[in-house]
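Residue numbering for the sequence shown is 732 to 1005, as defined by our numbering.
All C-beta atoms in this analysis are idealised placements derived from N, C-alpha and C, irrespective of residue type, glycine included.
Owing to the predicted nature of the structure, the values given are computational and were not obtained by experimental measurement.
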Amino acid sequence: MSWSHDHHVQTTQRAMMDSGGGFIHSSHPNNDNQFDPPTPSSTLVDDQDEVRPVHPLSKAQERRLRDYLDAKLLEINRGFKKRADPSSSLPHLHHFLTAVRPVLSVILQVPPVDPSASLRVAFLLRITGDMLTAIPAYPLVGPPPTSNPQPSDPPALEVTLIELIDCISQLDKGWAAVLASQAWDPAAGEGRGAYAATGGPSETDKARLRSILLLGREAIIDWLALGQVQLEQEIQEEFSCVFWRALRNLGEGAAITSDNIAVDLDDSEEDENN
């Protein structure tokens, strides 16, 4: 399941680059980019202590990226609103998650340097709000009892819930990276590097994000309770601490406690000290 999602995301991103979308700069020396090369505005220090320049998007790239994301988010929102219609492209939560995750990945990969950083924050706030509105609006159902399954049928409910946990975790780690002005590493699924002179969320953005995440977390917990779903202990613990990374960065970490958070906190603090 994870391989399938990663393969889909990588295929989408390669297609955008090959078609001239050019949202994310290529480091290939022979890249014949049709856009004006931007001026480096910061540096990235990766895990091998290699220092590389970090570029903002050019104006042409930003325009194409805005058009692409506006179109994809509008398409997803329409599919969600028509979820009860037989013609809907997103009738079940599984289909919604499959559609939204590649778009989330593209947003996270926008360079964390001005003026591109503000674009990343704006679209990430938008997709976060859309996701946390849509998720609890879907019924908690598995495939229909039939001897003739259809390709459009959702998978087993447990599979969909694991997909949901993965998607929420990606969003949580993404916000943790954005709040720390880090670049997003799609292969590792987390933020990387240290930056100087970067852009990040404003205090107004942070206040809005805090409200969206706290209300969204409460809505998801209530949704699971109303659905009367019997969750395995491990899955239940994952849902009990959704968005703990982002909320911790926003000063709300004390409101969420779990044994698995304590383990992750120890790991993250060890990484920061190394």
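Could you give the first and the last residue of the continuous beta strand (DSSP E) run that contains R923?
Its beta strand (DSSP E) spans residues 921-923.
Cβ shell of W906 (< 6 Å), same chain only, five flanking positions each side left out
Closer than 6 Å at Cβ, skipping near neighbours: A977.
Cβ-based neighbour list, L800, same chain, cut-off 8 Å, excluding 5 preceding and 5 following:
By the criterion of a C-beta distance shorter than 8 Å, L800 is surrounded in its chain by V834, V837, I838, F854, once the five residues flanking it on both sides are discounted.
Is it right to say Q792 is buried, meaning 16 or more other beta carbons lie within 10 angstroms of its own, or is it exposed?
By the 10 Å Cβ count, Q792 comes out buried.
Quick one: Cα of L944 to Cα of D936, how far?
In a straight line, the C-alpha of L944 is about 12 Å away from that of D936.
So who's on the other strand from F908, going by DSSP bridges?
It should be pointed out that residue 908 corresponds to Ala in this sequence rather than to Phe. For A908, which the question treats as bridged, DSSP gives no partner whatsoever.
For V837, name the three-state secondary structure that DSSP assigns.
Reduced to three states, the DSSP call for V837 is helix.
E921: buried (16+ other C-beta within 10 angstroms of its C-beta) or exposed?
Label assigned to E921: buried.
Helix, strand or coil: how does DSSP classify D916 here?
Strand.
Just how far apart, CA to CA, sit K812 and L871?
Distance between K812 and L871, taken at the CA atoms: about 17 Å.
Short of 7 Å in beta carbon distance, which residues of its chain neighbour P867, apart from the five on each side in sequence? Order them along the chain.
Within the same chain, P867 has close Cβ partners A950, I951, W954.
Cα-Cα separation between P822 and A815, rounded to whole angstroms
Taking the straight line joining both Cα atoms gives about 6 Å.
Look at the alpha carbon of R979 and the alpha carbon of H826, and state the distance between them as a whole number of angstroms.
C-alpha separation (whole angstroms): 30 Å.
Does the Cβ of D903 have 16 or more other Cβ atoms within 10 Å, making it buried, or fewer, making it exposed?
It is buried - the Cβ of D903 has at least 16 other Cβ atoms within 10 Å.
Within the same chain, show all residues whose beta-carbon is closer than 6 Å to that of R948, passing over the 5 residues directly before and after it, in chain order.
These residues qualify, in order along the chain: V973, F974.
Under 8 Å Cβ to Cβ from L981, same chain only, skipping five residues before and after it: list those, please.
Around L981: L910, K937, L940, R941, L944.
Give me, in chain order, the residues of the same chain whose beta-carbon lies closer than 7 Å to that of R857; leave out the 5 immediate sequence neighbours on both sides.
Apart from the 5 residues on each side of it in sequence, R857 sits with its Cβ closer than 7 Å to the Cβ of L804 in its chain, given in chain order.
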